[in-house]
Structures are given as structure tokens and as C-alpha cells.
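The structure appears below as C-alpha cells.
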Amino acid sequence: MPSRRVIFTVVSLLALLHAHIGMRLLPAMSLESAGLAFGVALLAASCLLVPTGLLAPSLKRLRWADQLSWAGMLAMGLFSSLLMLTLLRDVTLLLLAAIGASSAAIDAGSAFTVPPLALGVTLVGLFNARRLARVVEV
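Each residue of the sequence shown is one higher than the last, beginning at 3 in my numbering.
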């Protein structure tokens, strides 16, 4: 089992990355308070589930170890896709601002596009991970 210092460092880094995603996407979406609370709750749940996926081998003695491991690994996949797409969105918006082509519509539209796209990429990854490998005779 990793030391407490390592766990604290990893959880802190994950919290900061989740906060970055939330600060870059949620304000651009201009959500009502219920939608904003829902988005924050999803990010908080992801922030708690990702370390669970990382610590899955040490959870084998728990009753719900398999379900926690699955949830943690799915959250990890969604988080990584969401983070990469958010960073790609940030770079794209920066380039658009540099050439003077940015607008509020592009900012809001891209913020609404990132989560479903991340979910789609995660589902494709899940499908590819769960299918049987092709056997090729040489």
C-alpha cells in the first residue's frame, strides 16, 4: 500500500485537475444553480472514484471491491478524456483569441461539446477493452 504522503499528493493533484475542468467548463456553460450544483457533484464524485480505481488491488477484502474497482476505472477513463478535451479546448480558444476569432458562442458551444465527447470516447474505450482479441495464426 502506498504511503500516506503519496496518497495525499495524488489526491491533491486529482482535486486540482478536477477543479481546473470545473473552472474552465462550468462558467462557460452559464448553467442555472441546479445545473451548476449537478456539475460540481459529478466532478466531486469523479475526484473520489479515481483514487478508488488506483487503489483497486488493495480493496480486494472489501465486499463491494469489484463494483468500486469498476466505478473507479470508468471514472478514471472519463476523467482522462475530459481533461484532455478540456486542455484541447483551452488551446483552441487561446489560438482563436490570438487571431481575433473568439466569441461567446464558440466558448459556450465548445464547453457544452466537451462532456458528451469525453463520454463517447470513454464508451468506445470500454467497448474496445471488453471485446475479445483477434487471434491471428502466423
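Every residue gets a Cβ at the ideal spot worked out from N, C-alpha and C, and that includes glycine.
- In this structure, the CA atom of serine 82 is about 25 Å from the CA atom of alanine 36.
- Excluding the 5 residues flanking it on each side, methionine 31 has same chain C-beta neighbours closer than 7 Å at Ala110, Ala113, Phe114, in chain order.
- Here the stretch 85–98 makes no contact with the stretch 60–71; the two share fewer than three CB pairs at distances below 8 Å.
- Leucine 28 and leucine 56 have their alpha carbons spaced roughly 26 Å apart.
- Following the DSSP letters along the chain, one finds glycine 102 in no alpha helix (DSSP H), marked with neither H nor E.
- The alpha-carbon separation between arginine 6 and alanine 77 amounts to approximately 22 Å.
- C-alpha of arginine 91 to C-alpha of valine 116: approximately 8 Å in a straight line.
- In the same chain as leucine 119, and ignoring 5 residues on each side of it, the C-beta atoms closer than 7 Å to its own belong to Leu87, in chain order.
- Here valine 52 is buried, its C-beta having at least 16 other C-beta atoms within 10 Å.
- By the neighbour-count criterion, in which a residue is buried when 16 or more other Cβ atoms sit within 10 angstroms of its Cβ, isoleucine 101 is exposed.
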